[in-house]
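To start, the structure itself, in structure tokens.
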Amino acid sequence: MMNGKKILLDVDPGIDDAVALMMALFDPQLEVVAVTAVGGNVPPDQATRNVQAIIEQLDPPRWPRIGRASMPEMGLPTRNVQLHGPDGLGNANFQVSELQHRHASEKVICDEVRAAPGEVTIVALGPLTNLARALARDPGLVSLVGQIVIMGGTLSGSGNITPAAEFNIYCDPESARAVFRCAATKTLVPIDITSQVAFGYDLLDNLPSETSRAGRFLRRVLPFLFRSYRQELGYEDIRLNDATALVAALHAELFDVELAAADVELSGELTTGATVFDRRRIREWRTNVAVATKVDVAAVRDTILRGIAAAGEASEDAK
Ligand code: RIB
Ligand code: CA
1 MMNGKKILLD
11 VDPGIDDAVA
21 LMMALFDPQL
31 EVVAVTAVGG
41 NVPPDQATRN
51 VQAIIEQLDP
61 PRWPRIGRAS
71 MPEMGLPTRN
81 VQLHGPDGLG
91 NANFQVSELQ
101 HRHASEKVIC
111 DEVRAAPGEV
121 TIVALGPLTN
131 LARALARDPG
141 LVSLVGQIVI
151 MGGTLSGSGN
161 ITPAAEFNIY
171 CDPESARAVF
181 RCAATKTLVP
191 IDITSQVAFG
201 YDLLDNLPSE
211 TSRAGRFLRR
221 VLPFLFRSYR
231 QELGYEDIRL
241 NDATALVAAL
251 HAELFDVELA
261 AADVELSGEL
271 TTGATVFDRR
281 RIREWRTNVA
291 VATKVDVAAV
301 RDTILRGIAA
311 AGEASEDAK
């Protein structure tokens, strides 16, 4: 939709990134101005390839600009192949057309925010490498971006990639600190919150029809996630963390948020990538982020299911 709410998705696909991206691409209320790839679940080049593969497979009404991911200065400490598969998309091994030349993700972010001052919501669903680089490249961005919604960090619970850290922050803590400290309006949706929204095996029985691009796409990527959540984590259901964070960007009323003073541990044998909040009675750190503290689980799950169904309806094969 050309005059819908403008969003830019920064993703490290990742199956949950792919579901969030699919929901956004077929949401008639949204204009996805760009999808910028970032390394995280998979290395940067694979992330860029996966963004193109997802868009080619889904063939949405309007194709967004694609940004090319590149390696963070400090490299990537880990991947997430256990959950998402070696290719990041459940071993679907999608074919992609020749990889066209793409601008760097951070340039695409700067261009799109400057093209629509105050209008673009950036939804960051991977490590914050691109966002930090865009802010460094164009410091004026902080006053031009609408808002930044980040899937990442822990509020008070356990990390997922280490006992102390959530994956997106852990992958590039220096960039996360830079984004947390910037003056833009930021909402953090931590893993404690997103992991409350679970989907059982019945989701696989209620996917959009195979006569739709969305239905065929989900059948190729989702089963792997159910298997990996069972085999790697011992769960009988899955979390679509990034889809939940997208809902936080579109339906803030389904979340409680609190203003917080947050920072990121950069180097600790056990604590690198931990999100640290100043909760002292006399707080000394400046508040810099609104952090989600509660979620209407049933409403968010229903919103995601409706988004998946709408993607199916909108991508039905021509009769
Ligand atoms: O910790 C969960 C986050 O890490 C999600 O964004 C998932 O896709 C991975 O990037
Ligand atoms: Ca992600």
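Note that the numbering used here has the sequence shown beginning at 1, numbered continuously upward.
Ideal placement from N, C-alpha and C gives every residue a C-beta, glycine not left out.
Owing to the predicted nature of the structure, the values given are computational and were not obtained by experimental measurement.
_Gln95 classed as buried or exposed, judged by whether at least 16 other C-beta atoms fall within 10 angstroms_ = Looking up residue 95 in the sequence shown gives position 95. Per the 10 Å Cβ criterion, exposed.
_Rounded straight-line distance, which links the Cα of Val42 to that of Arg331_ = With the chain covering only 1 through 319, there is no way to say anything about residue 331.
*What three-state label does DSSP hand Arg301 in the structure shown?*
As a first step, residue 301 must be located in the sequence shown, where it is residue number 301. Correct three-state label for Arg301: helix.
*Burial state of Lys186, where buried means 16 or more other Cβ atoms lie within 10 Å*: Looking up residue 186 in the sequence shown gives position 186. When all chains shown are included, Lys186 counts as buried.
_Alpha-carbon spacing of Ile282 relative to Ala261, whole angstroms_ = On the sequence shown, position 282 is the one that residue 282 refers to. On the sequence shown, position 261 is the one that residue 261 refers to. Going from the Cα of Ile282 to the Cα of Ala261 covers about 12 Å.
*Between the region 301-319 and the region 206-216, do three or more beta carbon pairs fall short of 8 Å?*
yes
*Under 6 Å from any heavy atom of ligand 1, by CB: list those residues in chain order, please.*
Going by the Cβ distance cut-off, the answer is Asp12, Gly14, Asp16, Asp17, Gly40, Asn41, Asn80, Leu125, Gly126, Met151, Asn160, Glu166, Phe167, Asn168, Ile191, Asn241, Asp242.
*Might you give, ordered along the chain, the residues of its own chain that have their beta carbon closer than 7 Å to the beta carbon of Met1, omitting 5 neighbours on each side?*
As a working mapping, residue 1 is identified with position 1 in the sequence shown. Caution applies to Met1, whose pLDDT of 49 falls short of 50 and renders its modelled position unreliable; the value that the coordinates give is listed next. Around Met1: Pro28, Gln29, Leu30, Glu31.
*If you draw a straight line from the alpha carbon of Tyr170 to that of Pro127, how long is it in whole angstroms?*
Taking the sequence shown and counting its residues from 1, one reaches residue 170 at position 170. Taking the sequence shown and counting its residues from 1, one reaches residue 127 at position 127. Roughly 8 Å between the two C-alpha positions.
*Return the CA-CA distance between Val323 and Leu218, expressed in angstroms with no decimal places.*
Only positions 1 to 319 of the chain appear in this structure, which leaves residue 323 out of reach.
*Give the single residue among Asp172, Ala318, Phe277, Ser97 whose Cα lies nearest to the Cα of Glu56.*
Numbered from its first residue, the sequence shown carries residue 56 at position 56. The shortest Cα separation from Glu56 among Asp172, Ala318, Phe277, Ser97 belongs to Ser97.
_DSSP three-state assignment for Gly215, whether helix, strand or coil_ = Here the question's residue 215 lines up with position 215 in the sequence shown. Reduced to three states, the DSSP call for Gly215 is helix.
*Express the C-alpha separation of Leu58 and Ala20 in angstroms, rounding to a whole number.*
For the purposes of this step, residue 20 is taken as the residue at position 20 of the sequence shown. For the purposes of this step, residue 58 is taken as the residue at position 58 of the sequence shown. Linking Ala20 to Leu58 through their CA atoms gives a straight-line distance of about 13 Å.
*According to the neighbour-count rule (16 or more other Cβ atoms, all chains shown, within 10 Å of its Cβ), is Glu284 buried or exposed?*
Here residue 284 refers to the residue found at position 284 of the sequence shown. Exposed, since its Cβ has fewer than 16 Cβ neighbours within 10 Å.
*Comparing the CB of Asp202 with every heavy atom of ligand 4, is any distance shorter than 8 Å?*
Summarising the ligand content, the structure contains ligand 1 and ligand 2 and does not contain ligand 4.
_Restricting to Cα atoms, I'd like to know which of Thr194, Ala178, Met71 is closest to Asp256._
The sequence position of residue 256 within the sequence shown is 256, counting from 1. The option with the nearest alpha carbon to Asp256 is Thr194.
*asked:* Three or more C-beta pairs under 8 Å: does that hold for the region 174-182 against the region 129-143?
replied: yes
*What separation, rounded to the nearest whole angstrom, lies between the Cα atoms of Thr154 and Val264?*
For the purposes of this step, residue 154 is taken as the residue at position 154 of the sequence shown. For the purposes of this step, residue 264 is taken as the residue at position 264 of the sequence shown. Straight-line spacing of the CA atoms in Thr154 and Val264 works out to 11 Å.
_Here's the rule I'm using: 16 or more other beta-carbon atoms within 10 Å means buried, otherwise exposed. How should Gly89 be labelled?_
In the sequence shown, residue 89 corresponds to position 89, counting from 1. The sequence given here places Leu at residue 89; Gly does not occur at that position. So Leu89 ends up on the buried side.
*Quick one: complete alpha helix (DSSP H) runs, 4+ long, within the region 86-119?*
Those alpha helix (DSSP H) runs which fall completely within the region 86-119 and span 4+ residues are 105-115.
_For a test of the three-state rule: what should DSSP assign to Met1, helix, strand or coil?_
In the sequence shown, the residue the question calls residue 1 occupies position 1. Unreliable placement is indicated for Met1, whose pLDDT of 49 sits below 50; no coordinate value is reported for it.
_Per-residue burial, Asp10 [other beta carbons within 10 Å of its own, 16 or more giving buried]_ = Along the sequence shown, read from residue 1 onward, the residue named residue 10 stands at position 10. Buried: at least 16 other Cβ atoms inside 10 Å.
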